[in-house]
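FYI, the numbering for the sequence shown is 11 to 283, going by our numbering.
Each residue gets a CB set at the ideal place from its N, CA and C atoms; glycine is no exception.
Encoded as structure tokens, the structure appears first; notes follow it.
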Amino acid sequence: MEEFLAMDRNHAAALSDWTIIEMQKKNALRTSRESLATAAKFPNQVFALRTVGDILDDEVRSKDDAIKLIDYVESVRLGQLAADLRRVPPPEHLGPMMQEAEAYASNMIERLRAEVTDWEDALVSATGEFTREKRRAIATQQKVSKATRLKAIDLLLEATRNFMIDNQQKQGAEPMKVKDAMNLFAFRYSLCVLIHTLAWIGKGAGRGKKLEKRVNDAIDLQAVAAGTFFEGSFSDDKQVRDVSFVARTLLRQWGAYRARRSAALAEWQNLPA
């Protein structure tokens, strides 16, 4: 990220709220100092996104809509925190503030842990109707039959509906067209979860993934889903890069908005624009 931001002052990066939460869940002072080192060097190029809970009803159909996902007040606070973490001696308020942040982050992680406890069984069961070869083909964007594609889309729409009912009180709401749902975080997160699950099971894996790994996966996939509204996700994790690429490819094919990856970022990430 530091290399990318240094290329051009117009290059920018945005952190999701769950990225910040994961950063502060343990040893918040030390981990935040390391994690925000780049933000301290480029204070005008690193932003914070509004919380996932706050953007669930936002329909992102354009670049202007995507920019509205940025929380400018939180971005200023994040920049100030990054600067304070580099100061010697550290400001007196920093220690208590990071203790409070760690307590909040730990509580949020605990809530997420409870939510994903049954995630594996539900996903493995849902994708069990696909053969291993079909799951691998879908996950890697190989040619699959029309029936398989329709079955995968049905599974995606069901997951989206369940997410919206659980998180957006959409039970009994007017039916939403798929072309409109694709502009919502719920659809894109469900898409990323499906791609991730198909790839994981397609490689021959089954039940038994550790709970903490599922928690980390859920955080990664929320960040990837948010990244579909922009130019993608920064990560040295191949799984994250692959899910981001496939999700953005599908959204483009379906006519949903996603920012075109700049030539500089495409070259830097060795991915198509």
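Would you give the residue range spanned by the beta strand (DSSP E) that residue i belongs to?
i	result
V56	56-58
A23	23-25
Quick check on this structure: which residue in the options has the alpha carbon closest to the alpha carbon of residue i?
i	options	result
F244	E143, V56, R96	V56
E249	L231, G265, L261	Rather than Glu, the amino acid found at residue 249 in this sequence is Gln. When only C-alpha atoms are compared, the closest one is L231.
R97	A266, I205, K51	K51
A236	A49, E32, L59, A38	L59
T29	R19, I119, D75	I119
A266	E143, L204, S72, L208	S72
E143	A209, N117, Y114, E222	A209
H206	D246, R251, E222, G89	R251
E32	S85, A113, V188	A113
Which first and last residues belong to the alpha helix (DSSP H) in which residue i is found?
i	result
L15	12-17
K189	188-191
Does the ligand GDP have even one heavy atom less than 8 Å from the beta-carbon of residue i?
i	result
F244	This structure does not include the ligand GDP; it has no bound ligands of any sort.
Residue i and residue j: beta carbons closer than 9 Å?
i	j	result
E125	A47	no
L194	D27	no
R270	E241	yes
L91	A24	no
A111	Q34	yes
A49	A115	no
D327	F239	Missing from the structure shown is residue 327; the chain here goes from 11 to 283 and no further.
N54	R87	no
Ordered along the chain, which non-local residues of its own chain (more than five positions away) have a Cβ less than 8 Å from that of residue i?
i	result
A191	L167, T170, F197
V225	I119, L122, R123, V126
G105	L39
S45	M33
P100	D94
M11	A23, T48, F244
L221	R123, V126, T127
Less than 7 Å between C-beta atoms, sequence neighbours within five positions excluded: which residues of the same chain meet that for residue i?
i	result
F173	A196, Y199, S200
C202	L231, V234, A235, V253, A257
K156	none
Going along the chain, which residues of its own chain have a beta-carbon closer than 6 Å to the beta-carbon of residue i, five neighbours each way excluded?
i	result
R43	L95
G89	P53
M108	A38, L39
H21	F14, L15
T61	D27
I65	L79, F195
E84	A58
Alpha helix (DSSP H) runs contained entirely in the region 35-112, provided each spans 4 or more residues: Taking only runs of at least 4 residues, the alpha helix (DSSP H) segments lying wholly in the region 35-112 are 38-45, 47-51, 62-65, 73-77, 82-96.
Scan the region 230-282 and note each continuous alpha helix (DSSP H) run of 4 residues or more that stays entirely inside, going in chain order. 248-263, 273-279
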